[in-house]
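These notes concern the structure reproduced below.
Protein chains: 2
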Amino acid sequence: MSTSARRPRLKGEEVQLLKILAGSGGDHVPVVLTSREAGERIGVSQQAADRYLMALDKEGYVTRTFGARKQRLLLTPLAVDLLRKEYHGYRRIFEGPAKVTFRGTVSSGLGEGRYYLSQPGYVVQFTERLGYTPFPGTLNVRVSPSDMLKVGSVKHWSGIRIDGFQASGRTFGGATCYPGILGGPVSHLIIPDRTHHQDVVEFISAVSLREALRVKDGDGIDVEIREA
Amino acid sequence: MSTSARRPRLKGEEVQLLKILAGSGGDHVPVVLTSREAGERIGVSQQAADRYLMALDKEGYVTRTFGARKQRLLLTPLAVDLLRKEYHGYRRIFEGPAKVTFRGTVSSGLGEGRYYLSQPGYVVQFTERLGYTPFPGTLNVRVSPSDMLKVGSVKHWSGIRIDGFQASGRTFGGATCYPGILGGPVSHLIIPDRTHHQDVVEFISAVSLREALRVKDGDGIDVEIREA
DNA sequence: ATTACTAGGTATCGAGTAC
DNA sequence: TGTACTCGATACCTAGTAA
Chain B
1 MSTSARRPRL
11 KGEEVQLLKI
21 LAGSGGDHVP
31 VVLTSREAGE
41 RIGVSQQAAD
51 RYLMALDKEG
61 YVTRTFGARK
71 QRLLLTPLAV
81 DLLRKEYHGY
91 RRIFEGPAKV
101 TFRGTVSSGL
111 GEGRYYLSQP
121 GYVVQFTERL
131 GYTPFPGTLN
141 VRVSPSDMLK
151 VGSVKHWSGI
161 RIDGFQASGR
171 TFGGATCYPG
181 ILGGPVSHLI
191 IPDRTHHQDV
201 VEFISAVSLR
211 EALRVKDGDG
221 IDVEIREA
Chain C
1 MSTSARRPRL
11 KGEEVQLLKI
21 LAGSGGDHVP
31 VVLTSREAGE
41 RIGVSQQAAD
51 RYLMALDKEG
61 YVTRTFGARK
71 QRLLLTPLAV
81 DLLRKEYHGY
91 RRIFEGPAKV
101 TFRGTVSSGL
111 GEGRYYLSQP
121 GYVVQFTERL
131 GYTPFPGTLN
141 VRVSPSDMLK
151 VGSVKHWSGI
161 RIDGFQASGR
171 TFGGATCYPG
181 ILGGPVSHLI
191 IPDRTHHQDV
201 VEFISAVSLR
211 EALRVKDGDG
221 IDVEIREA
C-alpha cells in the first residue's frame with residue numbers, strides 16, 4: 001500500500017548537522033560529536049542540538065552508538081543521498097545541466113524491453129514526452145565497475161518522467177528518461193524506479209539502435225548522458 | 001569601527017528561496033515569483049513566504065521591483081556569494097579538496113610585494129604557517145578574462161590564514177594563502193583580504209620564482225592552485 | 001563529564017483581511 | 001489578481017536539572 005511514509009521535511013539545522021558529519025567522514029566511519037559541540041557549530045543550545053540528533057536518528061538519517069562518555073554518529077545511505085541531492089542542486093546552479101560520459105559494451109537484453117515497450121500505457125507517455133514512438137526493443141549497455149559510481153549519480157538528476165500505471169491486472173512501475181548521445185539517432189536512457197543497482201543500462205530510440213549504430217553484442221560503445 | 005554588522009543567520013527556508021531564484025536565473029535577471037508560488041515551492045503559506053522575501057530584501061540578499069501585479073526578484077552579489085559558499089561546502093564533501101588550473105602570463109609587479117614581504121609582522125607568520133621564509137618579491141601572473149571567474153572562486157576555499165597587524169603607525173591587512181604548483185619549488189598564492197578584483201595574482205616562494213622557473217615578463221605559465 | 005527530560009517564555013506560523 | 005498587515009494558536013527554544 002504505502003511505499004513511502006510521509007517524511008516530514010528536514011529542518012535547515014538538521015541538514016547542517018548532516019553536512020558537518022559528512023565533512024568529518026561520517027559517511028563511512030562513526031564520528032564523535034557531542035551535542036554541545038554540535039550546538040556550538042550550528043549556533044543553538046546543547047538541548048536543541050540533541051533534539052536534532054535524536055530526530056535524525058529516529059528518521060533514519062544517522063545511527064548512534066554510545067560509548068562510555070560520548071556518542072558516535074554514522075550517516076545512513078538515506079542521509080548521503082539527501083546530501084548528494086543538495087549538492088547536485090547547487091552544482092546545477094553554478095555549472096549548468098550535468099552530463100556524464102563513459103564507455104560501455106553492448107550486451108544482450110532479456111527480451112523484457114520489447115514486452116514493456118509494447119504496453120500502450122508506456123507508449124502514449126513516451127510519444128508525448130519524448131517526441132517519438134519508441135522502437136519496441138532496448139539497446140542494453142554494460143557499464144564497467146569503475147564507471148558504476150558516476151553513472152549511478154544520474155538518478156539524482158532531473159529527467160523526463162514516465163508514470164507507472166495499472167493494466168491487465170498487474171502494476172507497471174514508473175521510470176525516468178535522460179537524453180543520451182550514442183552517435184546516432186535521438187535516444188534516451190531509461191532508469192526504472194525499481195532498479196536493482198544493475199550494471200546494465202537501457203536505451204530507447206525511434207528506430208532499432210542496434211541497426212542504426214551497426215553494433216552487436218560485445219562491441220564497445222561511447223555513451224553520453226545529459227540532464228533533461 | 002565595524003567592518004561587518006552582526007548578520008543574523010539565514011533560515012533554511014530563506015536559503016531555499018535563494019536557490020529557487022538562482023535556478024531560474026535570478027542571479028543575472030529579475031525573476032517573477034509571487035509570494036504564493038514561493039510558499040508552495042517551499043511548503044509554507046503565502047504569508048510566511050512573503051515574510052521571508054521581505055526579510056531577504058531587508059538583509060540585502062534580493063532586490064525587489066514591483067510591476068503592476070507581480071514582483072520581480074533579483075539576487076544580489078551577497079546572495080550569490082552565499083550560494084557559492086554552500087555549493088563549495090557540498091563539493092568538498094563529494095569531490096574532495098578543490099583545485100583549479102589555468103594558464104596566465106608573467107607580469108611585472110609594482111615592487112609592492114618586496115615592501116610587504118619585508119615586514120617582520122608578515123615574515124614570522126609566513127615562516128610559521130607556510131614552512132619557509134619567503135623570498136622578498138612576488139611572481140605576478142596575469143589571468144585571462146575567461147579564467148577570472150574560476151580563479152575568483154578560490155576565495156571561498158579554505159586556505160592558510162595570515163593575520164593583519166599594526167606596525168609603524170599603519171595597518172597591514174590580512175591575507176589567505178593557497179598552495180600553488182608552478183612546476184618549480186613549493187610556492188603559494190596570496191589573496192589579500194582587501195583585494196580589488198584584480199586580474200593579477202601573486203605567488204611567493206622561498207626563492208626567487210623568476211629565477212627558479214627561468215621566466216620573464218610576458219611568458220606564458222601553467223598554474224595550479226589547490227585548497228589547503 | 002555526557003545525554004535527555006520538563007517547564008515556561010517567545011518566536012513563528014497561518015487565517016483573515018486591508019490595500 | 002497581487003503584497004503585506006494584525007492576531008490568536010502553537011511549535012520551538014533555552015534554562016534547569018535528572019540520570
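Sequence lines, in order, name chains B and C. Counted from 1, the first sequence has number 122 at position 122 by the working numbering; the numbering is strictly sequential. Counted from 1, the second sequence has number 157 at position 157 by the working numbering; the numbering is strictly sequential. By construction, the Cβ of each residue, glycine as well, lies at the ideal position given by its N, Cα and C atoms.
Bridge partner(s) assigned by DSSP for residue i
i, result
"C:LYS99", "C:ARG226"
"B:VAL143", "B:GLY104"
"B:GLY220", "B:THR105"
"B:VAL31", "B:LEU73"
Residue i: first and last residue of the uninterrupted beta strand (DSSP E) it sits in
i, result
"B:VAL62", "62 to 66"
"C:GLN125", "Note, C:GLN125: premise wrong, no beta strand (DSSP E); alpha helix (DSSP H) at 120 to 130."
"C:ARG36", "Premise fails: C:ARG36 lies in the alpha helix (DSSP H), 35 to 42, not in any beta strand (DSSP E)."
"C:LEU10", "Per DSSP, C:LEU10 belongs to no beta strand (DSSP E) and is neither H nor E."
"B:ARG72", "71 to 75"
Sequence-distant residues of the same chain with beta carbon closer than 8 Å to residue i, five excluded per side
i, result
"C:ALA48", "GLU13, GLY39"
"B:THR3", "Note on B:THR3: pLDDT 40, under 50, position unreliable in the model; the coordinate value appears next. Excluding residues within five positions, none has a Cβ falling inside 8 Å."
"C:GLN166", "PHE172"
"B:MET1", "For B:MET1, the predicted model reports a pLDDT of 41, less than 50, meaning its position is unreliable and no value from the coordinates is stated."
"C:ASP193", "GLY164, GLY173, GLY174, ALA175, THR176"
"B:PHE135", "LEU117, ILE204, SER205, ALA206, VAL207, SER208, LEU209"
"B:TYR61", "LEU10, GLU14, LEU18, LEU75, THR76, LEU78, ALA79, LEU82"
"B:PRO120", "ALA167"
"C:ARG6", "Caution applies to C:ARG6, whose pLDDT of 49 falls short of 50 and renders its modelled position unreliable; the value that the coordinates give is listed next. Result list for C:ARG6: empty, nothing under 8 Å."
"B:LEU213", "LEU139, LEU182, GLY183, GLY184, ILE221"
"C:ARG229", "Here chain C has residues from 1 to 228 only, and residue 229 of chain C is not among them."
"C:VAL151", "VAL100, PHE102, VAL143, VAL201, ILE225"
"C:ARG129", "ILE160, ARG161, ILE162, CYS177"
7 Å Cβ shell around residue i - same chain, five flanking residues per side excluded
i, result
"C:ILE20", "ARG41"
"B:LEU209", "LEU139, LEU182, GLY184, SER187, PHE203"
"C:ILE225", "LYS99, VAL100, VAL154, TYR178, GLY180, LEU189"
"B:ARG142", "GLY104, THR105, SER107, ASP199, VAL200"
"B:PHE66", "none"
"C:ASP217", "VAL106, SER107, SER108"
"B:GLN46", "SER35, ARG36, GLY39"
"B:VAL44", "GLU13"
"C:PRO30", "THR65, ARG72, LEU73, LEU74"
"B:ASP50", "SER35"
Nonlocal neighbours in the same chain, by C-beta distance under 6 Å from residue i, ignoring five residues either side
i, result
"B:VAL32", "LYS70, ARG72"
"B:GLY109", "THR138, ASN140"
"B:GLY111", "none"
"C:GLY23", "none"
"C:LEU56", "GLU14, VAL62"
Distance cut-off 8 Å: residue i Cβ against heavy atoms of the ligand FMN
i, result
"C:ARG214", "The ligand FMN is not among the ligands present in this structure, which contains no ligands whatsoever."
Opening and closing residue of the alpha helix (DSSP H) in which residue i lies
i, result
"C:GLU112", "112 to 117"
Ignoring anything shorter than 3 residues or poking outside the stretch 152 to 214 of chain C, list the beta strand (DSSP E) runs there in chain order. 160 to 162, 165 to 167, 170 to 172, 175 to 181, 187 to 192, 200 to 205
For the stretch 39 to 51 of chain C, which residues have a beta carbon sitting closer than 8 Å to at least one beta carbon of chain B? GLY43
Give me the subset of the stretch 74 to 90 of chain B whose CB atoms are less than 8 Å from a CB atom of chain C, sorted by chain position. LEU83, ARG84, GLU86, TYR87, GLY89, TYR90
The stretch 18 to 41 of chain C: which residues have C-beta closer than 7 Å to a C-beta of chain B, in chain order? LYS19, ALA22, GLY23
Under 7 Å (Cβ pairs) to chain C, residues found in the stretch 124 to 140 of chain B: none
With 8 Å as the limit, tell me which residues of the stretch 91 to 125 of chain B have their beta carbon closer than that to any beta carbon of chain C; keep them in chain order. ARG91, ARG92, ILE93, PHE94
If you measure beta-carbon to beta-carbon, which residues of the stretch 145 to 166 of chain C are closer than 7 Å to chain B? none
Chain C contacts made by the stretch 180 to 194 of chain B, where a contact means CB separation under 7 Å: none
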